[in-house]
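Undergrad:
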Amino acid sequence: MKIIVAPDSYKGNLRSSTICDIIKVAILREMPDAEVLTFPMADGGEGTVEAVVAATRGTFQTLEVCGPLGDSVKAQYGLLPDGTAVMEMAAASGIELVPTGRLNPMEATTYGTGELLRHLLLKGHTSVIMGIGGSATVDGGMGMARALGYQFLDAQDEEVSALTEIHSIDDSQILPELKNARIRVACDVINPLTGPNGAAAVFAPQKGATSDMIPVLDAGLVNLQKRVGMLSQPGDGAAGGLGYGLRAFCNAEIVSGANLIAETVGLPAALKGADLLITGEGRTDGQTTSGKLCSVLAGMARERGAKTLLISGALHGELELFLGMFDYVFSISAGHTSLESCMSHAPEDLAFTVCNIFRLLKS
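At position 12 of the sequence shown the residue is numbered 12 (my numbering), and the sequence of numbers has no breaks.
Take a look at the structure:
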């Protein structure tokens, strides 16, 4: 029996690489002759670099860059065997780098993300995959662009730092290597740049914005779009408008994070001839069936004749919907009375669930 194990992380609890290890050990305990191939997965959010590097046997590197509020941070990125570089904007400009009491999207910048990208391009990595989940910023990628050589000027040709003050954008000093780069952005957010469903209105409150800040932030993004002169498209509102900034300033391509990561780690090829795909996530709900990672992988498996087994931390919503997407659906919940208890017992509960399932399959 050929089994492909390709879970997302159980966010805030277990990394996808750890989940792969637990599942593989449990399967082989009950079915020693099984062929088990593991592919830690991510969709562009937390754990993307770790998942891709682990699956491709790449290497980790670290660079000191400017953090979201100006402090220095050590940002990890990955180099893959084919020369592709993979990075997460959250490693340089992420919300987890800011203490809760200091969250302020009016001040947070993506400059460090630009520094990391500049470093990769100067090192000759013309193919870059960037995950943009988990940002602390709503600067439309202005900080990133400044690190790459763009200048944002007012009516007197003086440099400005606020989006609302931009009158013109000077690209005469941009990094030459940027022109030959292929930057693919792993993103499954479909929000536009501005408006009621845009970066400021939807995401800024999660980053510490007050109700008074939101219209100011949105006005800044409106002005940025006006000065760039490029229409918005779905996904531009991701990471506080960084999606738009990457398209405008780096000619980047925004693609499905699930598909991009799956293709990068070789999952579609591995599914050929497989009997079963095992995937999962921390919480499965209605969003899962709307193009999220697990549903995308289930579609890949179905196209190649493999069944899909979903094993998640918890199941919520209309359970019947899950059976329309996956062949088998399980939660590892074992009667714990609090979220903290569920999370602390997740490793042994996952192993127990997998053992039970494969005992049944054996019979």
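From the three backbone atoms N, C-alpha and C, an ideal C-beta is built for every residue, glycine too.
As the structure is a computational prediction, the values presented were derived from the model and not from experiment.
Based on the DSSP output, what are the partners of C250 in its beta bridges?
TA: By 1-based counting over the sequence shown, the position of residue 250 is 250. In the DSSP output, where bridge partners are listed per residue, C250 has none listed.
Undergrad: Quick check on the burial criterion: 16 or more other C-beta atoms within 10 angstroms. Buried or exposed for Q225?
TA: The residue you call residue 225 lines up with position 225 of the sequence shown. Classification for Q225: buried.
Undergrad: By Cβ distance below 8 Å, which residues in the same chain neighbour I214 in space, the five residues on each side in sequence not counted?
TA: Position 214 of the sequence shown, counted from the start, is the residue given in the question as residue 214. Excluding positions up to five away in sequence, the list reads A200, A201, A204, P205.
Undergrad: Is L148 closer than 7 Å to I174 when the C-beta atoms are compared?
TA: Along the sequence shown, read from residue 1 onward, the residue named residue 174 stands at position 174. Along the sequence shown, read from residue 1 onward, the residue named residue 148 stands at position 148. Result yes, Cβ atoms of I174 and L148 sit closer than 7 Å.
Undergrad: Rounded to a whole number of angstroms, what is the C-alpha to C-alpha distance between L260 and Q156?
TA: Taking the first residue of the sequence shown as position 1, residue 260 is located at position 260. Taking the first residue of the sequence shown as position 1, residue 156 is located at position 156. The alpha-carbon atoms of L260 and Q156 are separated by roughly 43 Å.
Undergrad: So, do the region 51 to 71 and the region 25 to 33 have three or more beta carbon pairs nearer to each other than 8 Å?
TA: The region 51 to 71, when compared against the region 25 to 33, does not touch it at the 8 Å Cβ threshold.
Undergrad: By a C-beta neighbour count over all protein chains shown, 10 Å radius and 16 as the cutoff for buried, is S72 buried or exposed?
TA: What you label residue 72 is simply residue 72 of the sequence shown in a count that begins at 1. Exposed is the call here.
Undergrad: Residues bridged to C66 by DSSP?
TA: Locating residue 66 in the sequence shown gives position 66, counting from the first residue. Paired residues: S72.
Undergrad: If the criterion is Cβ atoms closer than 7 Å, does the pair A90 and A75 meet it?
TA: Along the sequence shown, read from residue 1 onward, the residue named residue 90 stands at position 90. Along the sequence shown, read from residue 1 onward, the residue named residue 75 stands at position 75. The answer is no: Cβ separation not under 7 Å.
Undergrad: If we count Cβ pairs, one from each stretch, closer than 8 Å, do we get three or more for the region 63 to 70 versus the region 106 to 117?
TA: Flag = yes, the region 63 to 70 and the region 106 to 117 touch.
Undergrad: When we look at the beta-carbon of V86 and count the other beta-carbons within 10 Å, is it buried (16 or more) or exposed?
TA: The count along the sequence shown starts at 1 and reaches residue 86 at position 86. V86 comes out buried.
Undergrad: Could you check where the beta strand (DSSP E) with T264 kicks off and where it finishes?
TA: If you number the sequence shown from 1, residue 264 lands on position 264. That residue, T264, is in no beta strand (DSSP E); its alpha helix (DSSP H) goes 257 to 265.
Undergrad: When we look at the beta-carbon of R247 and count the other beta-carbons within 10 Å, is it buried (16 or more) or exposed?
TA: By 1-based counting over the sequence shown, the position of residue 247 is 247. Classification for R247: buried.
Undergrad: Measure the C-alpha to C-alpha separation of L80 and C250 and round it to an integer number of angstroms.
TA: Position 80 of the sequence shown, counted from the first residue, corresponds to residue 80. Position 250 of the sequence shown, counted from the first residue, corresponds to residue 250. L80 and C250: Cα-Cα distance of roughly 21 Å.
Undergrad: To the nearest angstrom, how far is it from the Cα of G208 to the Cα of L217?
TA: Sequence index remark: in the sequence shown, residue 208 carries index 208 (1-based). Sequence index remark: in the sequence shown, residue 217 carries index 217 (1-based). Computed Cα separation, rounded: 12 Å.
Undergrad: Please name the residue in V5, G83, P347 whose C-alpha comes closest to that of K24.
TA: Within the sequence shown, residue 24 is the residue found at index 24, counting from 1. Among V5, G83, P347, the Cα nearest to that of K24 is on V5.
Undergrad: Since I believe R304 is in contact with L271 (beta carbons under 8 Å), could you give me their beta-carbon distance rounded to a whole number of angstroms?
TA: Numbered from its first residue, the sequence shown carries residue 271 at position 271. Numbered from its first residue, the sequence shown carries residue 304 at position 304. With a Cβ gap of about 4 Å, L271 and R304 count as contacting.
Undergrad: In the DSSP assignment, find the unbroken alpha helix (DSSP H) run with I22 in it and report its ends.
TA: Translated into the one-based positions of the sequence shown, residue 22 becomes position 22. It spans 16 to 30 - the alpha helix (DSSP H) in which I22 sits, taken as one unbroken run.
Undergrad: Where S135 and I95 are concerned, what is the direct C-alpha to C-alpha distance, given to the nearest angstrom?
TA: The residue labelled residue 135 in the question sits at position 135 within the sequence shown. The residue labelled residue 95 in the question sits at position 95 within the sequence shown. Approximately 5 Å, taken between the alpha carbons.
Undergrad: Would K292 be called buried (16 or more neighbouring beta carbons within 10 Å of its own) or exposed?
TA: Counting from one through the sequence shown, the residue named residue 292 turns up at place 292. The residue is buried, with at least 16 neighbouring Cβ atoms inside 10 Å.
Undergrad: List the endpoints of the continuous beta strand (DSSP E) containing K2.
TA: Residue numbering aside, residue 2 sits at position 2 when the sequence shown is read from its first letter. 2 to 5 is the span of the beta strand (DSSP E), which, as asked, contains K2.
Undergrad: Which runs of the alpha helix (DSSP H) spanning at least 4 residues fall entirely within the region 261 to 339, listed in chain order?
TA: Listed in chain order, they are 267 to 270, 293 to 303, 319 to 325.
Undergrad: Assess contact between the region 124 to 135 and the region 230 to 242, defined as three or more Cβ pairs (one per stretch) separated by less than 8 Å. Is contact present?
TA: Cβ pair count under 8 Å is three or more, so yes.
Undergrad: Report yes if the CB atom of A306 is closer than 7 Å to the CB atom of L277, and no otherwise.
TA: To locate residue 306, count along the sequence shown from 1; it is residue 306. To locate residue 277, count along the sequence shown from 1; it is residue 277. Yes, they are a contact pair.
Undergrad: Return the CA-CA distance between P234 and P192, expressed in angstroms with no decimal places.
TA: Within the sequence shown, numbered from 1, the residue matching residue 234 stands at position 234. Within the sequence shown, numbered from 1, the residue matching residue 192 stands at position 192. Approximately 5 Å between the Cα atoms of the pair.
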